[in-house]
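Chains as they are written, first to last, in the UniProt record's numbering: chain V, 1 to 386; chain S, 1 to 330. Built from N, CA and C at the ideal position, the CB exists for glycine as well. On a predicted model such as this, the values are computed, not experimentally measured, just so you know.
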Amino acid sequence: MVDVYWRIGTHGDQPSVRRPHAQTRGDWAPHEPGSITPGRRGGRDDGYTYVDHMADVAKAAESAGFVGGLLPSFPFTDDPFTTAALLARETRTFRFMVAYQPGFLDPVHAARLSASLQRATGGRLTYNVITGGGGPQQTWWGDTVAHDDRYARTAEFLDALKGAWGTEPYDLDGRFFDVRGAHLPSELAAQPVPEVYFSGSSPAAIETAGKHADYYLSWLEPFSALPDKFRQVREESAAYGRTPRFALRVEILARPTEEEAWAEIERAWPAIDTSKLSFDATGDSVGAARARGFIKQPVTGPRDLEVEPNVWAGFHLLRGGPVFGLVGSYDQVAQRLDELVALGTDAFILAAVPHLEEAYRIGSEVLPRVTFDRTNSLTSTLRSAS
Amino acid sequence: MSLRVWTTLATRDERDWGHLPPSEERAHAFRAAEVAGLDGVVAPYDLGGEESTVLVGDALRHTRWVHALHEFHVAAFNPVYAAKVAASYQRFTAGRLDWAPLVTAATPSQRRPSSTDAASWYARADEFLTISRGVWNHETFDLEGTYYQVKGGGFREALAGLPFPRVHLTGSDDDALRLSAKHGDVHVFTTAHEVAERGPALQEQARALGRAVELGIRLSLLVRETVGEALGELAAETGASPDLVPLPSGASWWDGFATRGHSSPGGLVGSYAQVADELARLASQGVGTVILDVRPRVEETYRIGEHLLPLVRPASSSTSTPDLETTGVR
Chain V
1 MVDVYWRIGT
11 HGDQPSVRRP
21 HAQTRGDWAP
31 HEPGSITPGR
41 RGGRDDGYTY
51 VDHMADVAKA
61 AESAGFVGGL
71 LPSFPFTDDP
81 FTTAALLARE
91 TRTFRFMVAY
101 QPGFLDPVHA
111 ARLSASLQRA
121 TGGRLTYNVI
131 TGGGGPQQTW
141 WGDTVAHDDR
151 YARTAEFLDA
161 LKGAWGTEPY
171 DLDGRFFDVR
181 GAHLPSELAA
191 QPVPEVYFSG
201 SSPAAIETAG
211 KHADYYLSWL
221 EPFSALPDKF
231 RQVREESAAY
241 GRTPRFALRV
251 EILARPTEEE
261 AWAEIERAWP
271 AIDTSKLSFD
281 ATGDSVGAAR
291 ARGFIKQPVT
301 GPRDLEVEPN
311 VWAGFHLLRG
321 GPVFGLVGSY
331 DQVAQRLDEL
341 VALGTDAFIL
351 AAVPHLEEAY
361 RIGSEVLPRV
371 TFDRTNSLTS
381 TLRSAS
Chain S
1 MSLRVWTTLA
11 TRDERDWGHL
21 PPSEERAHAF
31 RAAEVAGLDG
41 VVAPYDLGGE
51 ESTVLVGDAL
61 RHTRWVHALH
71 EFHVAAFNPV
81 YAAKVAASYQ
91 RFTAGRLDWA
101 PLVTAATPSQ
111 RRPSSTDAAS
121 WYARADEFLT
131 ISRGVWNHET
141 FDLEGTYYQV
151 KGGGFREALA
161 GLPFPRVHLT
171 GSDDDALRLS
181 AKHGDVHVFT
191 TAHEVAERGP
201 ALQEQARALG
211 RAVELGIRLS
221 LLVRETVGEA
231 LGELAAETGA
241 SPDLVPLPSG
251 ASWWDGFATR
261 GHSSPGGLVG
271 SYAQVADELA
281 RLASQGVGTV
291 ILDVRPRVEE
301 TYRIGEHLLP
311 LVRPASSSTS
321 TPDLETTGVR
């Protein structure tokens, strides 16, 4: 069974893929005519905030057949744990995939917080464990630990979180954390530990993933590169006696015909930030640097970034986020998703802007066209909230 | 000055009703505080119960007036992340989040370097509050501390310009008062004696730093229309004559509330009028915040809202009146 997640933007949203710099949903950009959540009525704020829109995206994705949604975390975003706590009782089957960096929380606190959320939602919390891209973003957060050490800390954090998730006292005299007699009350200990979607592309990341990842989460890359990456993680995991599953974060631009899909990009192209065509990566993120290697310079038009059929390396030009995604007709995109499953993909996080309308579109036009077995959360009683 | 009156939320299952999910049971309690006109609800730090961040989110999302006091241990997260969490709450709830960071409460875990004694816990809390407020109020912020290091920090874009949560601190020793004078907005004591004994010294220390710290008190309550009813209730429950300290109003101070399952052991027993009198006496000593612990929570919150608050708050006074259109909930 393939879990297909959606995404909820935590930095506002844009009204159309054709307007790369417009940010009229939420208040992450100055208010302009047409801005919503907050909107204006009679010259005043209408009282809605961006979390109201996030709630609507969650409900749209739930109704459209997604099992849940990723809540991303960067310095200038809203906080995913906070959003999950606010929206816990407003959806029924929607799983909150909370992105967080283990360095910023105490592991036993994280266990208590997570188990409480599990109890409030009927087990609908999933983790996207990120270890950080390094550079100025990392020290902004108050994190000065170096790249490979951060992965060691992530591993120690997850050891401690899982160790404390029980009723017996747990100790860990760790390098990063000092844990003494930690345990949970029985009602919380009875909750399931959230599934871990683990991000990171470096050797240190893959080694840590081998021990702790339920799903190894990667941005989409050209199909030719994925089998190698999957094989490497599989080998690391085997050393720990684990069989990892693979999840892909895939941007989608799907329209009834391929021509219509490319036409959307042609319309947006004049407004893109051309400095991003050089694919410079900041920080020490290995993932961003990998994307650069697939691009043939110079890039003069959108189709120069189509590195394989329907695989386009220009999504970061249209909105913040990953480089690669799928562009094509509903049939083509569904077929590519099928191929990704055949290559070994076990779960997807799909996304398109605007998130609300596109959840309905992909849910009603693309998902019905895939042939792989996907989890139908709406009929699953396993995860329905009590 | 008008008192801010809070009630405390449950972190554990109290009714043992198998058919009622604990989050629903708790929702009844914060709805009670909302409609009965209380100023806020407290989400306590309880290692034996549910985690307070989750309580805060649920309470703020489903109310429009009450504040939520987030009690957490300073070891729970790094100060920048703590501020990020707070910023989202403030953005989405019209600034209705308040903070109660705990310093010397028990914690089974912490990030290295470890704090090992009260002094090193207070040093960590000082850094925590300096950084969380620092990144909140400045577009660029750096601090190289013993416990935390921030370089190029600072909130911008939608994270900037939000009200920092009002900081509630506790404790009565010198370390506690020093931290409060420097970082606290409200200092919450647990007895009237502490308020009288330590309150003036704290306010003096704060003044010396060019700051003001409001006094608060956290107590349990057993209040009925007449003192006879209140005492009768207590006698019926305890089966003995409880050890009561008489107060000028005719109400009593009782240190035995833990036997009724309260988390605040000390509190007042008396009639509505007597208890209102005691609260007025506290207010005259500078107390502006009263955190109540009552059982059963829902029913007693209604009782306080309808019978006690009208005596505590003169008709003309009203506490904060947020603009309905900006309360951020529907």
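Inset, instruction - Please work out which residues of its chain come closer than 7 Å, Cβ to Cβ, to S:L309, disregarding the five sequence neighbours upstream and downstream, and give them in chain order. - result: V5, G37
Inset, instruction - Would you list the one or two residues that DSSP bridges to S:N78? - result: Listed as beta-bridge partners of S:N78 by DSSP are no residues whatsoever.
Legend entry - CB contact check: V:H109 to chain S, cutoff 8 Å: yes
Legend entry - residue 386 of chain S burial status per 10 Å Cβ neighbour count (16 or more: buried): For residue 386 of chain S there is no data in the structure shown, the boundaries of chain S being 1 and 330.
Legend entry - Residues of its chain near S:A82, where Cβ-Cβ distance is below 7 Å and the 5 sequence neighbours each way are ignored: S132
Legend entry - Those runs of the beta strand (DSSP E) which lie wholly inside the segment 173-237 of chain S and span at least 3 residues: 186-189, 214-224
Inset, instruction - Whole angstroms is fine: what's the gap from S:W289's alpha carbon to V:G344's? - result: Contrary to the premise, residue 289 of chain S reads as Thr rather than Trp in this sequence. Near 59 Å, if we compare the C-alpha coordinates of V:G344 and S:T289.
Legend entry - Alpha carbon of V:G47 to alpha carbon of V:G39, nearest angstrom: One C-alpha to the other measures close to 8 Å.
Legend entry - Simplified DSSP state of S:L143, which is helix, strand or coil: S:L143 falls in the strand class under three-state DSSP.
Inset, instruction - Please confirm whether V:V140 and S:G152 have their CB atoms less than 8 Å apart. - result: It should be pointed out that residue 140 of chain V corresponds to Trp in this sequence rather than to Val. In this structure, S:G152 lies closer than 8 Å to V:W140 by Cβ.
Inset, instruction - To the nearest angstrom, report how far apart S:L55 and V:Y151 are at their CA atoms. - result: 31 Å
Inset, instruction - Decide if V:M54 is buried, meaning its Cβ has at least 16 other Cβ atoms within 10 Å, or exposed. - result: buried
Inset, instruction - Could you check the C-alpha separation between V:P15 and V:Q137 for me, to the nearest Å? - result: 27 Å
Inset, instruction - Apply the 10 Å Cβ neighbour rule to V:P192 and answer buried if 16 or more other Cβ atoms are within range, or exposed otherwise. - result: exposed
Inset, instruction - For S:G266, decide whether its Cβ has a neighbour in chain V, counting only Cβ atoms nearer than 8 Å. - result: no
Inset, instruction - Ignore the nearest five residues each way along the sequence and tell me which others in S:H307's own chain have a CB closer than 6 Å to its CB. - result: Y272
Inset, instruction - Out of V:A155, V:T167, V:G181, V:D173, point me to the one whose CA is closest to V:A209's CA. - result: V:A155
Legend entry - 8 Å CB neighbourhood of V:S384 in its chain, flanking five on each side removed: Since pLDDT at V:S384 reaches only 41, below the 50 mark, its modelled position is unreliable, and no value is offered.
Inset, instruction - Kindly indicate if chain S contains any beta-carbon less than 8 Å away from that of V:P185. - result: yes
Legend entry - Buried or exposed (CB count within 10 angstroms, at least 16 for buried), V:T381: Caution applies to V:T381, whose pLDDT of 45 falls short of 50 and renders its modelled position unreliable; the model cannot decide the point.
Inset, instruction - Count the other CB atoms, across all protein chains shown, that sit within 10 Å of the CB of S:L209; report buried if there are 16 or more and exposed otherwise. - result: exposed
Inset, instruction - Give the range of the alpha helix (DSSP H) segment to which V:K276 is assigned. - result: Premise fails: V:K276 is in no alpha helix (DSSP H) and is neither H nor E.
Inset, instruction - Label S:P79 either buried or exposed according to how many other C-beta atoms from any shown protein chain fall within 10 Å of its C-beta, with 16 as the threshold for buried. - result: buried
Inset, instruction - Measure the CB-CB distance between S:A59 and S:V41 and report whether it falls below 8 Å. - result: Contact: yes.
Inset, instruction - Apply the 10 Å Cβ neighbour rule to V:P203 and answer buried if 16 or more other Cβ atoms are within range, or exposed otherwise. - result: exposed
Inset, instruction - With DSSP collapsed to three states, give me the class of S:F30. - result: DSSP places S:F30 within a helical segment (H, G or I) once states are collapsed to three.
Inset, instruction - Work out the CA separation of S:H67 and V:V250 for me, nearest whole Å. - result: Each residue's alpha carbon lies about 40 Å from the other.
Inset, instruction - Give the residues from the segment 98-112 of chain S that approach chain V closer than 7 Å (Cβ to any Cβ), ordered along the chain. - result: P108, S109, Q110, R111, R112
Legend entry - V:L317, enclosing beta strand (DSSP E) - first and last residue: Unbroken run through V:L317 is the alpha helix (DSSP H), 315-318; no beta strand (DSSP E).
Inset, instruction - Taking S:A276 as the reference, give the member of S:A283, S:L244, S:Q285, S:L311 with the closest Cα. - result: S:L311
Legend entry - Residues, ordered as in the chain, of the segment 3-24 of chain V that lie near chain S by beta-carbon distance below 9 Å: Answer in chain order: T10, H11, G12.
Inset, instruction - Quickly, what does DSSP pair S:H73 with across the bridge? List them, please. - result: S:L102
Legend entry - Chain-order list of residues whose beta-carbon lies under 7 Å from that of residue 392 of chain V (same chain, five-residue window excluded): Outside the shown range of chain V, which is 1 to 386, sits residue 392 of chain V, and nothing can be said about it.
Inset, instruction - Give me the Cβ distance between S:R166 and S:D185, rounded to the nearest whole Å; I'm assuming they're in contact under 8 Å. - result: That pair is a contact at about 4 Å.
Legend entry - Local Cβ density within 10 Å of V:A111, reported as buried at 16 or more and exposed below that: With 16 or more other Cβ atoms within 10 Å, it is buried.
Legend entry - Residue span of the alpha helix (DSSP H) that contains S:F128, given as start and end: 118-137
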